[in-house]
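K.L.:
These protein sequence lines are chains S and H, in that order. FYI, the numbering used here numbers position 147 of the first sequence as 148, with every residue one higher than the one before it. FYI, the numbering used here numbers position 10 of the second sequence as 14, with every residue one higher than the one before it. Glycine residues also receive a C-beta, built at the ideal position from the N, C-alpha and C atoms. For clarity, every value in this text was computed on a predicted model and none was experimentally measured.
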Amino acid sequence: MTSYSTNEFKSGLKLLVDSEPCAILENEFVKPGKGQAFNRVKFRNLRNGRVWERTFKSGESLEGADVHELDMEYLYEDGEFWHFMKTDGSYEQLAADANAISEAKNWLKPQESYQVVLWNDRPISVIPPNFVELEVVQTDPGLKGDTAQGGSKPATLSSGAIVKVPLFVNEGDVLRVDTRTGEYQNRVAR
Amino acid sequence: MADWRPAAKPELLRLRAETLARLRRFFAARQVLEVETPLLAPATVTDVHIDSIPAELQLPGSSTRFFLQTSPEYAMKRLLAAGTGACYQICKSFRQGEAGARHNPEFTMLEWYRPGFDLVQLMDEVEQLLLDFVPQASVVRLSYRQVFLRHLEIDPHEIRLDALRELAGARLSLDGSALAATDCLQLLLAQIIEPLLPEFCFIHDYPADQAALAKIERDRSGVRVARRFELFCCGIELANGYHEELDAGELRTRFARDRQQRAQLGRTTPAPDEKLLAALEQGLPPCAGVALGVDRLLMLVAGAGSINEVLAFPIGRV
C-alpha cells in the first residue's frame, strides 16, 4: 500500500493509524517561526467512529488504508453475520459482523441498498440510507376517539427498531424513518 | 471555468493598502530609512527548519542557482555594516513548504533594525507600532521560563530530555521519543501555551539553542539565554526580534552547527553567506532588529481566522 507524507495529507484521506483504518477530518500545519514544522491531524476511526487527534513531524509518512465504499443490497442475517450482495451484477456476497453492522442493524430491510465501507475488502461499517421505509410489527392500538394532538407511543418496526410514533399509527402501517435521528417522518401508502 | 477570483474581500484589500501606508508613516516619523534589497540572492539561510525556494537564474554566460530570500535580514545587515543607520523594509519573503491557516509560502514581511537599541527598547517600539493598530492593546512581557513555569510547571532551561519528551508525548498525542528538546519546547509553546497566553504578550529570553542570530547571554539566574523575543497577539505569533549577535566567528560556528543538523536530518545544506560574514567582520553596529508578519497583522486587525482571507491570491488560488 502507498505511503502518504504529511504534505499530502488532506481531509478525506484514509490512513492506517496504530494499525486502525482512519480518515483525516482536519489537518492543521503548525510551525513555530524558527522551529520544526508539525501537522496536527484530526482523524475518525472508520471502525468505531471515534475521533482523535495526533501530531506528526512534517515529512513523516503514514501508510494508506485500503478503504473504499460500496453500495450493496442487504440480504439476510444468520445470527452471527449480516449478508450483503454487490449490485454490480457480480452477485458477490460479503458478510458484516456485529461490530461492522453496529447501529445500522436497526434499519435493515431486505433488497434495500446500503453503503458498506470495506477495509482490505472486508466490511467494517454499514451506513444506511438517510431514510428507510419499514413496517410496524407491534404497537398499542390508538384509543378510539383519541384526537389529542402531539401524543406519541412506541412502535416496533420490522427491523427490530423501536421508534416513537403518533397515536394514529397502527400495526401493518409502513413508516418513513430518518435513520440519522431515529425519528418517525410520516406514514407511506403501501 | 478556472476559478480566477481573489480570496480577499475588497475591504481587506483596502485595509492592506491603509496598513502599508500607516507603517510607512510610523517609520517616517522616526526617521527610519526605507530600503529595498534583492528577493533573489545566491546565498540563503542555514536555519535547521527553514527551507528556501531555489530559482535557476540565467545570467549572460552562466546559469546559477539563486534562492528566494526567506527574510531580508542578511542584506539589511550588510547595509547596516555599511553605515546605513536605522532602516526598515517591507517586502515579500518566501519559505518552502509552509502553507496553512497562518502560513503562505510567499508572504509580506516588515523588518527593521535599530542601531543602539537593546531588546527592551526594541520591544517598546514594537509595542508602539502595535498600539498604532490596536490602541486598546495592553501588552504583557513574560520570559520563556515564566510561561513554561506558569502553564506547564517546568523550567524549560533545566528539564531533562526524557521528562520533556514524555510531557510532549502526553500533552500532544505524539511519539516524542525521537524529538529533540527544542522541538518539544517549541511544540508545547505553540500548541499548549500559546492559547493560554494573555491577548497581547511578548515572550523573551529564549533557550540558547533557539538563538538563531541573537546574542546569547547569561540571565539573572546564570542560565545562558538568547536575547530574543516574540510577540504573540490573540494566539498569533506576530513578530520575532533579536538583540543582534555581532561576532562573525560566533555566527560562523552557529551556521556550521545548523548545517551539521540539516545534514543529519537529510536536508540540503546551503553554504553560509560569505558576504554577510564579511560584513560582520568589518563590523555591524550594536543593534536590535525585528521581523513582523504583515499578513498576520492584517489577520489581527480584521479578525481573520485564516491568512487566506487577507491575501488577494493565496497559494491555493494563485
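Does the Cβ-Cβ distance between alanine 292 of chain H and leucine 126 of chain H come in under 7 Å?
P.N.:
For the purposes of this step, residue 292 of chain H is taken as the residue at position 288 of the second sequence. For the purposes of this step, residue 126 of chain H is taken as the residue at position 122 of the second sequence. Yes, the Cβ-Cβ distance between alanine 292 of chain H and leucine 126 of chain H is below 7 Å.
K.L.:
Does the Cβ-Cβ distance between isoleucine 102 of chain S and valine 133 of chain S come in under 7 Å?
P.N.:
Position 101 of the first sequence, counted from the first residue, corresponds to residue 102 of chain S. Position 132 of the first sequence, counted from the first residue, corresponds to residue 133 of chain S. No, these two residues do not count as a Cβ contact at 7 Å.
K.L.:
Does the beta carbon of valine 31 of chain S come closer than 7 Å to any beta carbon on chain H?
P.N.:
Here the question's residue 31 of chain S lines up with position 30 in the first sequence. Yes, valine 31 of chain S lies at the interface with chain H (some Cβ there is under 7 Å from its Cβ).
K.L.:
Grab the span of the beta strand (DSSP E) containing methionine 86 of chain S for me, first residue to last.
P.N.:
Position 85 of the first sequence, counted from the first residue, corresponds to residue 86 of chain S. Here the beta strand (DSSP E) through methionine 86 of chain S covers 83-87.
K.L.:
Determine the closest residue to arginine 231 of chain H out of H:Arg18, H:Tyr78 and H:Asp122, with distance taken between C-alpha atoms.
P.N.:
Reading the second sequence from its first residue, position 227 is the one you call residue 231 of chain H. Considering only alpha carbons, the answer is H:Asp122.
K.L.:
Just the Cα atoms here: how many angstroms apart are aspartate 205 of chain H and alanine 141 of chain H?
P.N.:
As a first step, residue 205 of chain H must be located in the second sequence, where it is residue number 201. As a first step, residue 141 of chain H must be located in the second sequence, where it is residue number 137. The displayed chain sequence assigns cysteine, not aspartate, to residue 205 of chain H. Cysteine 205 of chain H and alanine 141 of chain H: Cα-Cα distance of roughly 10 Å.
K.L.:
Please confirm if arginine 45 of chain S has its CB atom under 7 Å from at least one CB of chain H.
P.N.:
Here residue 45 of chain S is taken as the residue at index 44 of the first sequence, counted from 1. With 7 Å as the cut-off, arginine 45 of chain S does not count as an interface residue toward chain H.
K.L.:
How big is the Cα-Cα spacing for alanine 190 of chain S and alanine 156 of chain S?
P.N.:
One-based indexing of the first sequence puts residue 190 of chain S at position 189. One-based indexing of the first sequence puts residue 156 of chain S at position 155. Using only the alpha carbons, I get a separation of about 18 Å.
K.L.:
Considering Cα atoms alone, identify which of S:Pro130, S:Pro167 and S:Trp120 is closest to glutamate 113 of chain S.
P.N.:
Locating residue 113 of chain S in the first sequence gives position 112, counting from the first residue. Residue S:Pro130 is the option with its Cα nearest to glutamate 113 of chain S.
K.L.:
Show which residues of chain S have a CB atom less than 7 Å away from the CB atom of alanine 216 of chain H.
P.N.:
Translated into the one-based positions of the second sequence, residue 216 of chain H becomes position 212. Correct list: Lys35.
K.L.:
For a contact defined as C-beta to C-beta under 8 Å, what are the partners of glutamate 27 of chain S on chain H?
P.N.:
The residue given as residue 27 of chain S occupies position 26 in the first sequence. Under the 8 Å cutoff, chain H gives no residues; its nearest Cβ is about 10 Å from glutamate 27 of chain S.
K.L.:
Under 7 Å, Cβ to Cβ, is there at least one residue of chain S near serine 67 of chain H?
P.N.:
In the second sequence, residue 67 of chain H corresponds to position 63, counting from 1. Chain S, which has no Cβ nearer than 7 Å to the Cβ of serine 67 of chain H, makes this no.
K.L.:
Mind pulling the chain H residues with CB within less than 8 Å of alanine 38 of chain S?
P.N.:
On the first sequence, position 37 is the one that residue 38 of chain S refers to. By Cβ distance, chain H contributes His53, Gly101 and Glu102.
K.L.:
Scan the stretch 67-144 of chain S and note each continuous beta strand (DSSP E) run of 3 residues or more that stays entirely inside, going in chain order.
P.N.:
Fully enclosed beta strand (DSSP E) runs of 3 or longer: 68-78, 83-87, 94-97, 114-120, 123-128 and 132-140.
K.L.:
Count the other C-beta atoms from every protein chain shown that fall within 10 angstroms of the C-beta of serine 75 of chain H, then say buried if there are 16 or more, exposed otherwise.
P.N.:
Position 71 of the second sequence, counting from 1, holds the residue named residue 75 of chain H. Buried.
K.L.:
Please list, in chain order, all residues of the same chain as arginine 145 of chain H whose beta carbon is under 6 Å from its beta carbon, the five residues on each side excluded.
P.N.:
The residue you call residue 145 of chain H lines up with position 141 of the second sequence. Cβ within range, chain order: Phe206.
K.L.:
With distances taken Cα to Cα, identify the nearest neighbour of leucine 84 of chain H among H:Gly307, H:Leu280, H:Met303 and H:Leu301.
P.N.:
As a working note, residue 84 of chain H is residue 80 in the second sequence. The candidate whose alpha carbon is nearest that of leucine 84 of chain H is H:Leu280.
K.L.:
Kindly list the residues whose CB is nearer than 7 Å to the CB of glutamine 195 of chain H, restricted to its own chain and excluding five residues on each side of it in sequence; keep chain order.
P.N.:
In the second sequence, the residue the question calls residue 195 of chain H occupies position 191. Closer than 7 Å at Cβ, skipping near neighbours: Leu176.
K.L.:
Measuring CA to CA, which of H:Arg34, H:Ala33 and H:Ile94 is closest to glutamate 114 of chain H?
P.N.:
As a first step, residue 114 of chain H must be located in the second sequence, where it is residue number 110. Residue identity differs from the one stated: residue 114 of chain H is leucine in this sequence, not glutamate. Nearest option by C-alpha distance: H:Ile94.
K.L.:
What are the boundary residues of the alpha helix (DSSP H) that includes valine 151 of chain H?
P.N.:
Numbered from its first residue, the second sequence carries residue 151 of chain H at position 147. Looking at the DSSP string, the run of the alpha helix (DSSP H) that includes valine 151 of chain H is 148-156.
K.L.:
Could you tell me the boundaries of the alpha helix (DSSP H) in which methionine 80 of chain H lies?
P.N.:
Start at 1 with the first residue of the second sequence, and residue 80 of chain H comes out as number 76. Methionine 80 of chain H -> alpha helix (DSSP H) spans 77-85.
K.L.:
If you check the beta carbons only, do phenylalanine 317 of chain H and proline 109 of chain H fall under 7 Å apart?
P.N.:
If you number the second sequence from 1, residue 317 of chain H lands on position 313. If you number the second sequence from 1, residue 109 of chain H lands on position 105. No, the pair does not count as a contact, with Cβ atoms beyond the cut-off.
K.L.:
Is the stretch 238-253 of chain H in contact with the stretch 264-277 of chain H, if contact means three or more CB pairs nearer than 8 Å?
P.N.:
No, they do not touch.
K.L.:
Does the pairing of the stretch 161-173 of chain S with the stretch 135-144 of chain S give three or more beta-carbon distances under 8 Å?
P.N.:
At 8 Å Cβ cutoff, the stretches touch.
K.L.:
Could you give the residue range of the alpha helix (DSSP H) that holds glycine 253 of chain H?
P.N.:
Within the second sequence, the letter at position 249 stands for residue 253 of chain H. Looking at the DSSP string, the run of the alpha helix (DSSP H) that includes glycine 253 of chain H is 252-268.
K.L.:
Any idea what DSSP makes of threonine 23 of chain H, helix, strand or coil?
P.N.:
Counted from its first residue, the second sequence places residue 23 of chain H at position 19. Of the three classes helix, strand and coil, the one that applies to threonine 23 of chain H here is helix, per DSSP.
K.L.:
Beta carbon of alanine 57 of chain H, beta carbon of glutamine 100 of chain H: below 7 Å?
P.N.:
Taking the first residue of the second sequence as 1, we reach residue 57 of chain H at position 53. Taking the first residue of the second sequence as 1, we reach residue 100 of chain H at position 96. Contrary to the premise, residue 57 of chain H reads as isoleucine rather than alanine in this sequence. Contact: yes.
K.L.:
Please decide whether serine 177 of chain H counts as near chain S, where near means a Cβ-Cβ distance under 7 Å.
P.N.:
Against the second sequence, residue 177 of chain H aligns to sequence position 173. Yes, its Cβ sits closer than 7 Å to a Cβ of chain S.
K.L.:
Cα-Cα, which of H:Asp55, H:Val52, H:Gln132 and H:Glu241 is closest to alanine 33 of chain H?
P.N.:
Position 29 of the second sequence holds residue 33 of chain H. Closest option to alanine 33 of chain H, Cα to Cα, is H:Gln132.
K.L.:
Look at the alpha carbon of aspartate 223 of chain H and the alpha carbon of leucine 47 of chain S, and state the distance between them as a whole number of angstroms.
P.N.:
Position 219 of the second sequence, counting from 1, holds the residue named residue 223 of chain H. Position 46 of the first sequence, counting from 1, holds the residue named residue 47 of chain S. Taking the straight line from one Cα to the other gives about 51 Å.
K.L.:
Return the chain-ordered list of same chain residues with a C-beta closer than 6 Å to the C-beta of tryptophan 120 of chain S, the five sequence neighbours on each side being excluded.
P.N.:
In the first sequence, the residue the question calls residue 120 of chain S occupies position 119. Here the set comprises Pro22 and Val68.
K.L.:
Which residues mark the beginning and the end of the beta strand (DSSP E) in which phenylalanine 70 of chain H is found?
P.N.:
For this step, residue 70 of chain H is matched to residue 66 along the second sequence. Start and end: 66-72.
K.L.:
Name the chain H residues whose beta carbon is nearer than 7 Å to that of asparagine 8 of chain S?
P.N.:
Taking the first sequence and counting its residues from 1, the one referred to as residue 8 of chain S is at position 7. The contacting residues are Gly101.
K.L.:
Of all the options H:Gly307, H:Arg26, H:Ala295 and H:Gln286, which has the alpha carbon lying nearest to the alpha carbon of glycine 239 of chain H?
P.N.:
Locating residue 239 of chain H in the second sequence gives position 235, counting from the first residue. The option with the nearest alpha carbon to glycine 239 of chain H is H:Gly307.
K.L.:
Interface residues of chain A around arginine 55 of chain S at Cβ under 8 Å?
P.N.:
No chain A appears in the structure shown, which is made up of the protein chains S and H.
K.L.:
So is asparagine 312 of chain H in contact with chain S if we call contact Cβ pairs under 7 Å?
P.N.:
For the purposes of this step, residue 312 of chain H is identified with residue 308 of the second sequence, where counting begins at 1. It does not: the Cβ of asparagine 312 of chain H has no partner Cβ on chain S nearer than 7 Å.
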